[in-house]
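Report on one structure; see the data block that follows.
Residue numbers (the working numbering), protein chains in the order written: chain P, 1 to 114; chain C, 1001 to 1113.
Next up, the structure:
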């Protein structure tokens, strides 16, 4: 059981470039989400998905796109990177409605936009 | 949406002392309250959680209490050790965003020998 995996671990982008952060889980979790973590700001929800084919916006969705074609994968796309998107990005997954309620996090991707 | 307030933002205690971190939430429909510990450069990891039908839960040196009427919950760490030094996040599972976890801004705990 690999749990939640993310690639890459580190990435440097120039302003205006695009890229995709990959996230996968092997726990058959329906609910997957992306958070960004900035100093002093906690974890803020970017986008989430309650199942394959269903996605929706969280608290800070601007500049990001997601899709969920399979239960296992939930990639996050940066359309045109900006310095304000410099952050650590965490993917997370859990069961949607039934217990246990524990949410598992991936190891994170540290992104720098110059 | 749900608003989770966490205090204090930093906490320094001596080894062996107790540490208490407090959180309040706004969504009366919230029914699940986990606490995560994050060490430097690592992912957040669940250390204890409580559901809304329980007032207190304990696991060795850590405990969580919930007051649903006042909409606040607290983390208690007793007999602190240097390895308890980390950032701690509270969260609540509200009714917004598909029942997303909403996080407090974190408490940086330092345990000095």
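No residue lacks a Cβ here, since even glycine has one placed at the ideal position from N, Cα and C.
Sequence-distant residues of the same chain with beta carbon closer than 7 Å to residue i, five excluded per side
i                       : result
residue 1086 of chain C : 1037, 1038, 1039 and 1109
residue 1016 of chain C : 1079 and 1080
Reference residue i, options the options, closest by Cα
i                       : options                           : result
residue 80 of chain P   : P:64, P:95 and P:72               : P:64
residue 1068 of chain C : C:1025, C:1013 and C:1019         : C:1025
residue 54 of chain P   : P:105, P:44 and P:33              : P:33
residue 1056 of chain C : C:1041, C:1045, C:1074 and C:1047 : C:1074
residue 1106 of chain C : C:1018, C:1035, C:1042 and C:1083 : C:1035
residue 104 of chain P  : P:18, P:113 and P:29              : P:29
residue 1061 of chain C : C:1070, C:1071, C:1048 and C:1054 : C:1048
residue 110 of chain P  : P:1, P:41 and P:6                 : P:6
residue 1003 of chain C : C:1059, C:1083 and C:1103         : C:1103
residue 1097 of chain C : P:61, P:56, P:69 and P:37         : P:56
residue 35 of chain P   : C:1050, C:1112 and C:1100         : C:1100
residue 4 of chain P    : P:18, P:112, P:114 and P:108      : P:108
residue 24 of chain P   : P:69, P:62, P:113 and P:73        : P:73
residue 82 of chain P   : P:62, P:46, P:113 and P:37        : P:113
residue 170 of chain P  : P:95, P:2 and P:19                : It is not possible to answer for residue 170 of chain P, since the shown part of chain P is limited to 1 through 114.
residue 37 of chain P   : P:17, P:60, P:16 and P:26         : P:60
residue 16 of chain P   : P:106, P:78, P:1 and P:100        : P:78
Inter-residue Cα distance where the pair is residue i and residue j
i                       : j                       : result
residue 102 of chain P  : residue 1090 of chain C : 13 Å
residue 1006 of chain C : residue 1052 of chain C : 18 Å
residue 1064 of chain C : residue 84 of chain P   : 36 Å
residue 1013 of chain C : residue 1042 of chain C : 22 Å
residue 1018 of chain C : residue 14 of chain P   : 46 Å
residue 42 of chain P   : residue 1008 of chain C : 13 Å
residue 58 of chain P   : residue 67 of chain P   : 14 Å
residue 1045 of chain C : residue 97 of chain P   : 21 Å
residue 22 of chain P   : residue 76 of chain P   : 7 Å
residue 45 of chain P   : residue 1023 of chain C : 19 Å
residue 47 of chain P   : residue 95 of chain P   : 16 Å
residue 1084 of chain C : residue 1076 of chain C : 12 Å
residue 1059 of chain C : residue 1066 of chain C : 15 Å
residue 11 of chain P   : residue 86 of chain P   : 10 Å
residue 1072 of chain C : residue 1092 of chain C : 10 Å
residue 70 of chain P   : residue 27 of chain P   : 13 Å
residue 100 of chain P  : residue 106 of chain P  : 18 Å
Bounding residues of the beta strand (DSSP E) (the contiguous stretch that carries residue i)
i                       : result
residue 38 of chain P   : 31-38
residue 3 of chain P    : Residue 3 of chain P -> no beta strand (DSSP E), and no H or E assigned at all.
residue 1110 of chain C : 1107-1112
residue 95 of chain P   : Run containing residue 95 of chain P: none; DSSP gives neither H nor E here.
residue 1005 of chain C : 1004-1007
residue 71 of chain P   : Residue 71 of chain P -> no beta strand (DSSP E), and no H or E assigned at all.
residue 1065 of chain C : 1062-1067
residue 42 of chain P   : 42-51
Own chain partners of residue i with C-beta closer than 8 Å, once the 5 adjacent residues on each side are dropped
i                       : result
residue 1011 of chain C : 1019, 1021, 1107, 1108, 1109 and 1110
residue 1082 of chain C : 1015, 1111, 1112 and 1113
residue 49 of chain P   : 31, 32, 33, 55, 56, 66, 68 and 74
residue 1 of chain P    : 26 and 27
Own chain partners of residue i with C-beta closer than 6 Å, once the 5 adjacent residues on each side are dropped
i                       : result
residue 51 of chain P   : 30
residue 1094 of chain C : 1002, 1027, 1030 and 1102
Checklist entry - Using 8 Å as the threshold, is the segment 1028-1036 of chain C in touch with the segment 83-96 of chain P, meaning 3 or more CB pairs across them? => result Between the segment 1028-1036 of chain C and the segment 83-96 of chain P, the count of Cβ pairs shorter than 8 Å is below three; the stretches do not touch.
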